[in-house]
Amino acid sequence: MDKVIASAQEAVADIADGAVLAVGGFGLCGVPIALIDAILEQGARNLTSISNNCGVDDQALGVLLYAGRISRTISSFVGGNKELARLYLTGELDVELTPQGTLAERLRAGGAGIPAFYTPTGVGTMVAEGGIPIRYDADGNVVKTSEPKEVRVFDGQQYVLETALTADFGLVRAAVGDRHGNLVFHESAGNFNAPAGMAGRVTIAEVEELVEPGEIRPEHVHLPGVFVDRVVVVGTEGKKIEKRTNRPRTEGAA
0 MDKVIASAQE AVADIADGAV LAVGGFGLCG VPIALIDAIL EQGARNLTSI
50 SNNCGVDDQA LGVLLYAGRI SRTISSFVGG NKELARLYLT GELDVELTPQ
100 GTLAERLRAG GAGIPAFYTP TGVGTMVAEG GIPIRYDADG NVVKTSEPKE
150 VRVFDGQQYV LETALTADFG LVRAAVGDRH GNLVFHESAG NFNAPAGMAG
200 RVTIAEVEEL VEPGEIRPEH VHLPGVFVDR VVVVGTEGKK IEKRTNRPRT
250 EGAA
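Per numbering that gives the first Met the number 0, residue 0 is the first one in the sequence shown, and the count goes up by one each step.
Encoded structure:
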């Protein structure tokens, strides 16, 4: 089955208001920028994003935040986005904070059909006990917090029950993909792309290079085509740098 779609705009055309999006990437690495920009152009609102972080101020998912398109996010790290902090603290955005490894496993579990799992991460903290602010009002008062989670003991150690995550759409970026949707990620750009792709009921992949079925060796596939519904060829682009740090030159350096 040929899953190639002509454009990113066509691939995201049926993303409706209120949709839940599982988005691959880590910082600005491996982020499906073309698909995010197409959603911005398409106009869907009241979106929920599930991602390791919600972009930076003016890039990646940050562009949807600035446009007021995201009303809820489930993330691990949000400190690199000033607009997210502003929206969160003024009651315009719900934020559910989840430990990074737990977030990855919640997505993977959703894609594997596992409804919940136990993890030691978060035992004895607000992750397990509840009370993490999810929503503030316009005056900065907390109006909604996380609920306590079930804790059980196995072999003398406490574990927290975490539920799986699924999404209406998974958005991922791959270095190479074939027409059947088999994907290969480039080194660390794989990050959250595989679990996000697994968790989407409909998964859309933007790929830098398209090859024919059979050209990717089976053992090289990172996300099998069974999880991917649409493929868009976007080509390559310059690597975006989240925080540029330069070492001062020493006197006399070449």
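All C-beta atoms, glycine included, are put in the ideal place defined by N, C-alpha and C.
For residue i, the three-state DSSP class (helix, strand or coil)
| i | result |
| --- | --- |
| A198 | helix |
| T101 | helix |
| I38 | helix |
| I32 | helix |
| S70 | strand |
| L164 | coil |
| L106 | helix |
| E214 | coil |
| V11 | coil |
| V175 | strand |
| E236 | coil |
DSSP bridge partner residues for residue i (one or two, in chain order)
| i | result |
| --- | --- |
| T144 | P132 |
| R151 | Y158 |
| S50 | Answer by DSSP bridge pairing: none, since S50 is not bridged. |
| A21 | I49, G169 |
| F90 | It is worth fixing the name first, because residue 90 is Gly in this sequence and not Phe. BP columns for G90 are empty, so no partner. |
| I203 | L170, R229 |
| F76 | N52 |
| T118 | V159 |
Alpha-carbon spacing of residue i relative to residue j, whole angstroms
| i | j | result |
| --- | --- | --- |
| L209 | G112 | 29 Å |
| L160 | P212 | 40 Å |
| V183 | K2 | 16 Å |
| V11 | T244 | 35 Å |
| A21 | T249 | 45 Å |
| V62 | R68 | 9 Å |
| Y158 | P31 | 34 Å |
| V225 | V152 | 36 Å |
| I203 | Y87 | 28 Å |
| Q156 | E149 | 14 Å |
Outcome for residue i when other beta-carbon atoms lying within 10 angstroms are tallied against a minimum of 16
| i | result |
| --- | --- |
| A97 | The residue you asked about is not Ala; residue 97 is Thr in the sequence shown. With 16 or more Cβ atoms within 10 Å of its Cβ, T97 is classed as buried. |
| M197 | buried |
| A257 | This structure does not reach residue 257, given that the chain is present from 0 up to 253, and the question cannot be answered. |
| D57 | exposed |
| N140 | exposed |
| I240 | exposed |
| G176 | buried |
| E40 | exposed |
Residue i at chain B interface by Cβ criterion, 8 Å
| i | result |
| --- | --- |
| T235 | Absent from the structure: chain B. Only one protein chain is present. |
For the structure I just gave you, are there three or more beta carbon pairs, one from the stretch 46-61 and one from the stretch 72-88, closer than 8 Å? yes
Below 8 Å, can you find three or more Cβ-Cβ pairs linking the stretch 80-99 to the stretch 117-136? yes
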